[in-house]
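**Student:** Below you will find the structure I want to go over with you.
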Amino acid sequence: MGFTIPFFNKKNTRLDYFGLYLTDSSIFGFVFKNQDGITTILSQSTYSLTAGFDKVLEDVDNLISELELKTNLDLERTIFFLHTWMIDQETFEIKEPYKGIIQNLSKGLELKPLGYIDVFEALERYFVEKSIVNTVGIEVNKSKIGVHIYVGNRIVHRQYAARTDDAGDDINSVFRNLPKDIILPKTLRLFGDVDKAELASQLAEYSWDDKIFPAHPTIEIIKDADLNLILSKTCIFEFNTNENSKDVSTSINTEFLPNKLNETEPPSQAVFGFRQSHDVLLDEPQPQNEPIRPPVFELKTKIKPTNNRLSFIDKIKNKASQISLPKNPSSGKNKIIISTIIIISVIIGLIAVYEYFIHSLHIKIFLNTTQVDKTFEINLPIKTSNTEELAIIKNIANEKYSKTIPTTGSREVGEKATGTVIIHNFDNTERTFTSGTKIIKDELVYTLDSDVKVDKVTEKTAGTKESGKKEVGVTASEIGPVYNAKSGTKLQLDSLSDALYYAIVSEDIKGGTREEVPTVSTDDIEALQSVVEKQAKDQTDNILGASISEDDLLIEDLVDVSLSKTSFSGEVGEEARSLKVDTDAEIEYFFLKKSSLTKRLKELLSKDISSEYIVDPKHLTYTIEGVDAGTNDVILTVDTVALTHKAVDEEDVKMKSKSQSLKLLESKLISEYGFEHIEIEQPFGGIPFLSNWTPLFTKNITISTSVRQ
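Residue 1206 is where the sequence shown starts when you use our numbering, and the numbers rise one by one after that.
In structure tokens:
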């Protein structure tokens, strides 16, 4: 097998970088290079977080392994890409717990963080390049949606809203409360998490308020591959901009160092247009005798060895110069001795270089675990402000609501039919009929409009009789067209005999109409009030917005919504096709800190296990099964499941692993420490014989622990 010494290799002008884009439910990884001024994505992949940020280390490790396999590269130089809500907009530092997560990733996976970039700031530069002056960036996350309104090549408004089942309502709640001087662009560009297509489909079908979007906005998706390239180009652009603005005549500019900041600059100063790597590195001391290389790019000037550390070639030359040559150089024996000494020196030097700089070993330890299931009742005080102790924090939020529903009540309206009839009297006496007297046709009833006196019957020749007659107006007793009657229709006078009295329609009875109109019902009032109360409860996360952080656990059982200043657009019985309510909602909510609860549960579990075992917070899960609220305290019933294992002294394992046969190392460590399983990796391969043994130096041995669930 061939063996090369890095010192003799020509330095590659190409630089490869690993970009890690974090969201609250996914991780996007991509490897990119910059060569001859061209930025290229070598490989990219996306992983969903298996258990949120609790197992992000394992998820990122799997992502890196996949990319390293595809690119045949060792990924170290890392740029983190973060959403705006992960960054403090005043100090420009990464918020907790994300800063701690990045620190753990950098240390646990041996990454060399160069810094971080706000994803939307990268998009802003992209918008400028593409001459996009006005747009709305919709940042997609699992738990929240970010709205970035970009007008006139600058951000004029930025707001986050918690995600519910209706993304359109979430975004609309932001637009509805915008200052009046902001004019919304007509294009929405979606970027971020993996469900962008589903969200775009929802927004395409959403019915926007005409006051917000008179015409339906254009929905565009920034694809993951395109976004990764945008982020890569932004990073290289910032590198080059900063490099060109610095004096490269010296060997190393301390402003570029990851942990050695220029003493004249404040610690929070940004480098390369993004935050420098000291913000994400753990505070570890740097070796005093080794020169520190710039973390981002190779300087164009040659870096000369420092006085206190000679290069490998200089060391060999110095060793050779210390050998006393014999006075007779022509002696064959002396030549052999000199050659042998030089060869042995070179071999020893090569072995020393290999062992100190190259020979490395990673031991992945799978621990034997014991699952512990416990249920705890934890009594917590109620506080009205944040506190470091574990407590239930009480807060109040106010929100205005407006809701409209179609009415379900109805009533019949219309006109009564009217006309005139002639009353016939065949009786021998005159008859007076008073106003309101009923005249009937089948089941239809009419009434006389006024009093009327009808003469008696009169005798005619040959025994014929002529009835007394009188015309009078009539009105139908009910509304409806059924009461309309044609001229000549015969009607009965109340209950009188139709042989003596009857009426004939003299002029059409007409004008009867009937229709059913919608009205406000009591059920509508009650239903609308219930809908608003439910909407307020369902959108609690949306209302609370940024006041609830990733470390806050909302106690949903304690959320209480009360409505005040409620006004309806109509009253019961009033004609209306819809009913609208305007109300003020006061939401009383309670939450606690997840980190504090995890810490308390770990303490409680530790009391029930052997002292040689520890509880790993990464493998601790809990469920709140019961909430009993009092006036000043709350009792939580918490079901807890945790994996426990023996503590591992990594330094002791390293000491006992150095200078050992690889074939025997696994059985030795399992026998001595009781590990379940061990996997051994040699990142840089090896050379015959030496690679069959573990490194001589513990600094070249790294250890990681894991459990099998």
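Built from N, CA and C at the ideal position, the CB exists for glycine as well.
Thinking C-beta only, is Lys1859 closer than 9 Å to Ile1814?
**Tutor:** For the purposes of this step, residue 1814 is taken as residue 609 along the sequence shown, with counting starting at 1. For the purposes of this step, residue 1859 is taken as residue 654 along the sequence shown, with counting starting at 1. Their beta carbons are not under 9 Å apart, which means Ile1814 does not touch Lys1859 by this criterion.
**Student:** Using only CA atoms, which one of Thr1276, Ile1232, Gln1249 and Phe1258 lies nearest to Phe1286?
**Tutor:** As a working mapping, residue 1286 is identified with position 81 in the sequence shown. Of the candidates Thr1276, Ile1232, Gln1249 and Phe1258, the one whose C-alpha sits nearest the C-alpha of Phe1286 is Ile1232.
**Student:** Put Thr1803 into one of helix, strand or coil per three-state DSSP.
**Tutor:** Stepping through the sequence shown from its first residue, residue 1803 is reached at position 598. Three-state DSSP puts Thr1803 in a helix.
**Student:** Assuming Gly1619 and Gly1685 make a contact with CB atoms under 8 Å, what is their CB distance in whole Å?
**Tutor:** As a position in the sequence shown, residue 1619 is number 414, starting the count at 1. As a position in the sequence shown, residue 1685 is number 480, starting the count at 1. Indeed, because the Cβ distance is near 6 Å, the residues count as touching under 8 Å.
**Student:** Could you tell me which uninterrupted alpha helix (DSSP H) segments, each at least 4 residues in length, are contained entirely in the stretch 1798-1876, listed from first to last along the chain?
**Tutor:** Counting only runs of 4 or more, we get 1799-1811 and 1855-1862.
**Student:** Where does Ile1337 sit, in a helix, a strand or coil, going by DSSP?
**Tutor:** Indexing the sequence shown from 1 puts residue 1337 at position 132. In the structure shown, Ile1337 sits in coil (DSSP, three-state: anything other than H, G, I, E or B).
**Student:** Determine the direct distance from the alpha carbon of Val1853 to that of Thr1836, and round the result to whole angstroms.
**Tutor:** As a position in the sequence shown, residue 1836 is number 631, starting the count at 1. As a position in the sequence shown, residue 1853 is number 648, starting the count at 1. Their Cα atoms are separated by approximately 45 Å.
**Student:** Looking at chain B, is there any beta carbon in it that lies within less than 9 Å of the beta carbon of Asn1633?
**Tutor:** Here chain B cannot be found, since the structure has a single protein chain.
**Student:** Compare the Cα-Cα distances from Asp1728 to each of Leu1768, Ser1702 and Glu1776 and report the closest residue.
**Tutor:** Here residue 1728 refers to the residue found at position 523 of the sequence shown. Minimum Cα distance to Asp1728 is reached at Glu1776.
**Student:** Would the beta-carbon of Arg1381 fall within 9 Å of that of Gly1342?
**Tutor:** Within the sequence shown, numbered from 1, the residue matching residue 1381 stands at position 176. Within the sequence shown, numbered from 1, the residue matching residue 1342 stands at position 137. Cβ atoms of Arg1381 and Gly1342: not closer than 9 Å.
**Student:** Of the residues Gly1242, Thr1589, Asp1429 and Asn1603, which one's Cα is nearest the Cα of Glu1443?
**Tutor:** The sequence position of residue 1443 within the sequence shown is 238, counting from 1. Minimum Cα distance to Glu1443 is reached at Gly1242.
**Student:** Would you kindly work out how many angstroms separate the C-alpha atoms of Ser1911 and Pro1302, rounded to a whole number?
**Tutor:** As a working note, residue 1911 is residue 706 in the sequence shown. As a working note, residue 1302 is residue 97 in the sequence shown. Answer to the nearest angstrom: the Cα atoms are 22 Å apart.
**Student:** Tell me which residues share the same chain as Phe1795 and place their Cβ nearer than 6 Å to its Cβ, disregarding the 5 neighbours each side in the sequence.
**Tutor:** As a position in the sequence shown, residue 1795 is number 590, starting the count at 1. Same-chain partners within the cutoff: Ile1597, Lys1599, Ile1760 and Leu1763.
**Student:** Does Arg1782 pass the burial test, meaning 16 or more other C-beta atoms within 10 Å, or should it be called exposed?
**Tutor:** Counted from its first residue, the sequence shown places residue 1782 at position 577. So Arg1782 counts as exposed.
**Student:** Ordered along the chain, which non-local residues of its own chain (more than five positions away) have a Cβ less than 7 Å from that of Leu1280?
**Tutor:** Sequence index remark: in the sequence shown, residue 1280 carries index 75 (1-based). Phe1223, Val1236, Ile1269, Leu1272 and Glu1273, listed in sequence order.
**Student:** State the Cα-Cα distance for the pair Asp1844 and Lys1799, rounded to the nearest angstrom.
**Tutor:** Residue numbering aside, residue 1844 sits at position 639 when the sequence shown is read from its first letter. Residue numbering aside, residue 1799 sits at position 594 when the sequence shown is read from its first letter. In a straight line, the C-alpha of Asp1844 is about 15 Å away from that of Lys1799.
**Student:** Just curious, the beta strand (DSSP E) that Leu1247 is in, first and last residue?
**Tutor:** Residue mapping note: residue 1247 aligns to position 42 of the sequence shown, counting from 1. Ile1243 to Ser1253 is the extent of the beta strand (DSSP E) around Leu1247.
**Student:** Would you list the one or two residues that DSSP bridges to Val1379?
**Tutor:** Position 174 of the sequence shown, counting from 1, holds the residue named residue 1379. In the DSSP output, where bridge partners are listed per residue, Val1379 has none listed.
**Student:** Taking a contact to mean a Cβ-Cβ separation below 9 Å, would you say Asn1358 touches Phe1332 in this structure?
**Tutor:** Counted from its first residue, the sequence shown places residue 1358 at position 153. Counted from its first residue, the sequence shown places residue 1332 at position 127. Yes.
**Student:** If you follow the alpha helix (DSSP H) that Glu1410 is part of, which residue opens it and which one closes it?
**Tutor:** As a position in the sequence shown, residue 1410 is number 205, starting the count at 1. Here the alpha helix (DSSP H) through Glu1410 covers Lys1401 to Glu1410.
**Student:** Taking Ile1840 as the reference, give the member of Leu1797, Phe1562 and Glu1329 with the closest Cα.
**Tutor:** Taking the first residue of the sequence shown as 1, we reach residue 1840 at position 635. Ranking Leu1797, Phe1562 and Glu1329 by Cα distance to Ile1840 puts Leu1797 first.
**Student:** Grouping DSSP H, G and I as helix and E and B as strand, with all else coil, what is Pro1723?
**Tutor:** As a first step, residue 1723 is located in the sequence shown; it is residue number 518 there, counting from the start. Here Pro1723 sits in strand by DSSP.
**Student:** Pull up the DSSP beta-bridge partners for Tyr1606, would you.
**Tutor:** For this step, residue 1606 is matched to residue 401 along the sequence shown. The partner list for Tyr1606 (beta bridge, DSSP) reads Thr1788.
**Student:** Can you give me the Cβ contacts of Lys1646 inside the same chain, cut-off strictly under 7 Å, excluding the 5 residues immediately before and after it?
**Tutor:** Here residue 1646 refers to the residue found at position 441 of the sequence shown. Counting only Cβ-Cβ distances below 7 Å, and skipping sequence neighbours, we find Ala1690, Thr1694 and Leu1696.
**Student:** By DSSP, does Leu1566 sit in helix, in strand, or in coil?
**Tutor:** What you label residue 1566 is simply residue 361 of the sequence shown in a count that begins at 1. If DSSP states are grouped into helix, strand and coil, Leu1566 belongs with the strands.
**Student:** Quick check on His1882: buried or exposed, where buried means 16 or more other Cβ atoms within 10 Å of its Cβ?
**Tutor:** Position 677 of the sequence shown, counted from the first residue, corresponds to residue 1882. His1882 comes out exposed.
**Student:** So, does the stretch 1344-1354 touch the stretch 1293-1307, judging by three or more C-beta pairs under 8 Å?
**Tutor:** Result no; under three Cβ-Cβ pairs closer than 8 Å.
**Student:** Please classify Ile1552 as buried or exposed, where buried requires at least 16 neighbouring CB atoms within 10 angstroms.
**Tutor:** The residue you call residue 1552 lines up with position 347 of the sequence shown. Exposed: under 16 other Cβ atoms inside 10 Å.
**Student:** Assign Thr1899 to buried or exposed, taking buried as 16 or more other Cβ atoms, counted over all protein chains shown, within 10 Å of its Cβ.
**Tutor:** Here residue 1899 is taken as the residue at index 694 of the sequence shown, counted from 1. Buried.
**Student:** When the Cβ atoms of the stretch 1312-1331 are set against those of the stretch 1373-1387, are three or more pairs found closer than 8 Å?
**Tutor:** Touching, no.
**Student:** Determine the burial state of Lys1275: buried for a count of at least 16 other Cβ atoms within 10 Å of its Cβ, exposed for fewer.
**Tutor:** Counting from one through the sequence shown, the residue named residue 1275 turns up at place 70. Label assigned to Lys1275: exposed.
**Student:** Taking the beta carbon of Asn1633 as the centre, do at least 16 other beta carbons fall within 10 Å, making it buried, or is it exposed?
**Tutor:** Looking up residue 1633 in the sequence shown gives position 428. Exposed: under 16 other Cβ atoms inside 10 Å.
**Student:** Using only alpha-carbon positions, find the residue among Gly1673, Leu1901, Thr1613 and Leu1432 that is nearest to Val1725.
**Tutor:** Along the sequence shown, one-based indexing puts residue 1725 at 520. Nearest C-alpha to Val1725: Thr1613.
**Student:** Go ahead and pull the three-state DSSP assignment for Ser1516.
**Tutor:** Counting from one through the sequence shown, the residue named residue 1516 turns up at place 311. Model confidence at Ser1516 stands at a pLDDT of 38, short of 50, so the residue's coordinates are unreliable; what they give is reported in the following sentence. Coil.
**Student:** With H, G and I counted as helix, E and B as strand and the rest as coil, what does DSSP make of Leu1287?
**Tutor:** Taking the first residue of the sequence shown as 1, we reach residue 1287 at position 82. Strand.
**Student:** How many Å lie between Thr1245 and Ile1427 at the Cα?
**Tutor:** Position 40 of the sequence shown holds residue 1245. Position 222 of the sequence shown holds residue 1427. If you take the alpha carbons of Thr1245 and Ile1427, they lie about 18 Å apart.
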